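Participant: Note that the working numbering numbers the first sequence so that position 380 is 383, with each residue one more than the last.
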Amino acid sequence: MKQSQLFTKTIKEIPKDETSFNAQILIRAGFVDKVGAGIYNFLPLGLRVLNKINNIVRDEMATISGQEVLMAALTPKEVWQTTDRWDNFDALFKLVGNDDKEYALGATHEEIVTPLAKKFLCSYKELPKSIYQIQVKFRNEPRAKAGLLRGREFFMKDMYSFHANQADLDQYYEEVKAAYFRIYARLGLEDLTYLTYSSGGAFSQFSHEFQTLTEAGEDHIYICSDCRVAVNREIIKEHNFCPVCQNKNLTEAKAIEVGNIFKLGTKFSKAFDMKYMDDNGQAQEVIMGCYGLGPSRIMGTVVEVFNDQRGIIWPESIAPFKIHLLSLKENEAANEIYLELIKNNIEVLFDDREEIAAGEKFADADLIGCPYRLVVSAKTLQAGGVEIKARPSDQMGIIPLNQIINKFSH
RNA sequence: CGGGGUGUGGCCCAGUUGGUAAGGCGUCUGGUUUGGGACCAGAAGAUCGUGGGUUCAAGUCCCGCCACCCCGACCA
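1) Restricting to Cα atoms, I'd like to know which of Val306, Asn243, Arg146, Lys382 is closest to isoleucine 371.
2) Does the distance from the C-beta atom of tyrosine 431 to that of histidine 211 stay below 8 Å?
3) Pick out whichever of Ala361, Ser396, Leu344, Ser272 has its Cα sitting closest to the Cα of cysteine 125.
4) Based on DSSP bridge pairs, tell me the residues matched to glutamine 70.
5) Can you tell me whether isoleucine 259 is buried or exposed? The criterion is at least 16 other CB atoms within 10 Å of its CB, across all chains shown.
6) In whole angstroms, what separates the C-alpha of arginine 231 from that of aspartate 102?
7) What three-state label does DSSP hand threonine 111 in the structure shown?
8) Contact between the segment 268–282 and the segment 123–141 is defined here as three or more beta-carbon pairs at a separation below 8 Å; is this criterion met?
9) What runs of the beta strand (DSSP E), each 3 residues or longer, lie entirely inside the segment 248–296?
10) Would you kindly work out how many angstroms separate the C-alpha atoms of proline 298 and lysine 160, rounded to a whole number?
11) Taking the alpha-carbon positions, what's the isoleucine 326 to cysteine 373 distance?
12) Go through its chain and collect everything with a Cβ distance to leucine 190's Cβ below 8 Å, but skip five positions before and after it.
13) Can you list, in chain order, the residues of its chain with a C-beta nearer than 8 Å to that of valine 261? Leave out the 5 residues immediately preceding and following it.
14) How about the segment 219–230 and the segment 240–259: do they share at least three Cβ pairs that are nearer than 8 Å?
15) Taking Cβ positions, are alanine 120 and alanine 110 nearer each other than 8 Å?
16) Considering lysine 122, what are the terminal residues of the beta strand (DSSP E) in which it resides?
17) Leaving out the 5 sequence neighbours to the left and right, which residues in its chain are closer than 7 Å to leucine 46 when beta-carbon positions are compared?
18) Rounded to a whole number of angstroms, what is the C-alpha to C-alpha distance between asparagine 347 and leucine 384?
19) Please classify glycine 387: does DSSP put it in a helix, a strand, or coil?
20) Which residues share a DSSP beta bridge with phenylalanine 213?
21) Here's the rule: buried if 16 or more other CB atoms are within 10 angstroms of the residue's CB, otherwise exposed. What is methionine 399?
22) Taking C-beta to C-beta, are glycine 150 and asparagine 25 nearer than 8 Å?
The structure is reproduced here in structure tokens:
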């Protein structure tokens, strides 16, 4: 991508109606744009990041046999009445269509996925199955805040699994847990993310959240350093010790919930009368699990966690581009490098803008935060190459022209 | 939903005891620059959130409403 053609440009001023760091810097760098409280447009750079997060999620869901679907976002009132949530789910955005027909914008999809799965999963031979989607969710939050961390419209990966018995759900649940940790590891959040015990409702003692440590987080978790898990507030009120090792010496920390998984049991299969035929020809209730993860919230979290005074420091796995190539009055030479990188499928943002001061290009590169910065100038060409610098470091070096592709093509 | 704060060109903002809107960024034109948001000259761009009221006169004072931010409550 040539920066001269990019739809957005960076801005110097901090937007006055944002105080959260992730929103300020994502807006300044041109990743997102604010529409209203908790409502954002995703712009070319931001969408690239979001898509990369989504693709990591897809990749890991595939390893646990999750099949991607896309369910309706406009959901009829009746399904919510079936589970008694039409009047009890405060955050539902409700709307009225023709003939006074009422709908809710999808806030979660148990009410849609259960009738859907009922149409296809009828026999023990067809279980277990697991389907997921990545979709915009709508929740009428009483108070949207903190940029991408709590929006009224946000992206969610929600997966639902269907099992013939509890043991099968239990086993799958553990597989999901492991897949989630692989996702956080690929996002660079492994060390900061804790499996966190929270209350489980009627069907299991606990559910689990995945909490990433950051001062920007709105949750308080209590970490057990012995077994590297945490408990949330409601659990510590009940138990006041680590549910794994009974350790009472827990450390409080602020965190943001980047995922949660839940054993639903038969709550929804009962409500929608979803049963399967077992090998004795007997109808049995289907056991369900659900597994949420918020890609847009994760994008905000990554920004909160990886940054410095100058801008974002994207992990390579989700950076909008791997390389930010800056031409300082050497567009011809830089363009050759640009074309060569493109030819080798190396993602590059090429700052080919003319009449732009070098300082501005450096400032933009730091703000946007691609992992590597390559500078082409008369000076570097004289030295036989281009300057290379990793985003978080101050160390610069010259890399010969004929080694660039080799350096980045793995 | 309670409490607090803020609304002035696309963005950030100044605006005194009420007297007809200043500056910076960005944009456009010309020139000078060219390794950390460079400089000079000129230009375009504003129903001052919105509706009402007071006044000869309202960005400024009064009342209602709306939007956004923060704290709290809430967050299957």
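Glycine is no exception: its CB is placed at the ideal position from the N, C-alpha and C atoms.
All of these numbers come straight from a predicted model, not from anything done at the bench.
Facilitator: Inspection of the coordinates gives the following:
1) Out of Val306, Asn243, Arg146, Lys382, Val306 has the C-alpha closest to the C-alpha of isoleucine 371.
2) This structure gives no information on residue 431, because the portion of the chain shown stretches from 4 to 413.
3) Comparing Cα positions, the closest option is Ser272.
4) DSSP, once it has assigned bridges, lists Ile134 as partnering glutamine 70.
5) A buried status is given to isoleucine 259, since no fewer than 16 other beta-carbon atoms sit within 10 Å of its beta-carbon.
6) Cα-Cα distance, rounded: 55 Å.
7) If DSSP states are grouped into helix, strand and coil, threonine 111 belongs with coil.
8) Touching, yes.
9) Within the segment 248–296, the complete beta strand (DSSP E) runs of at least 3 residues are 254–268, 278–280, 286–288, 290–296.
10) Straight across, the Cα-Cα distance linking proline 298 with lysine 160 is about 7 Å.
11) Computed Cα separation, rounded: 6 Å.
12) In its chain, beyond the 5 residues on either side, Ile56, Ile59, Ile301, Val305, Pro318, Ser320, Ile321 have a beta carbon closer than 8 Å to the beta carbon of leucine 190.
13) Excluding sequence positions up to five before and after valine 261, its CB lies within less than 8 Å of the CB of Tyr187, Leu192, Thr196, Phe213, Gln214, Thr215, Leu296, Gly297, Arg300, Ile301, Thr304, all in the same chain and listed in chain order.
14) Counting C-beta pairs with one atom in each stretch, the segment 219–230 and the segment 240–259 have three or more that are closer than 8 Å, which means they touch.
15) At a Cβ-Cβ threshold of 8 Å, alanine 120 and alanine 110 do not count as neighbours.
16) Per DSSP, lysine 122 lies in no beta strand (DSSP E) and is assigned neither H nor E.
17) Here leucine 46 has Phe10, Thr11, Gly33, Phe34, Val35, Asp36 as same chain residues with Cβ atoms under 7 Å from its own Cβ, once five neighbours each way along the sequence are excluded.
18) Each residue's alpha carbon lies about 22 Å from the other.
19) The answer is coil: DSSP assigns glycine 387 none of H, G, I, E or B.
20) The bridge partners DSSP lists for phenylalanine 213 are Leu198, Gly262.
21) By the 10 Å Cβ count, methionine 399 comes out exposed.
22) Going by C-beta atoms, glycine 150 is nearer than 8 Å to asparagine 25.
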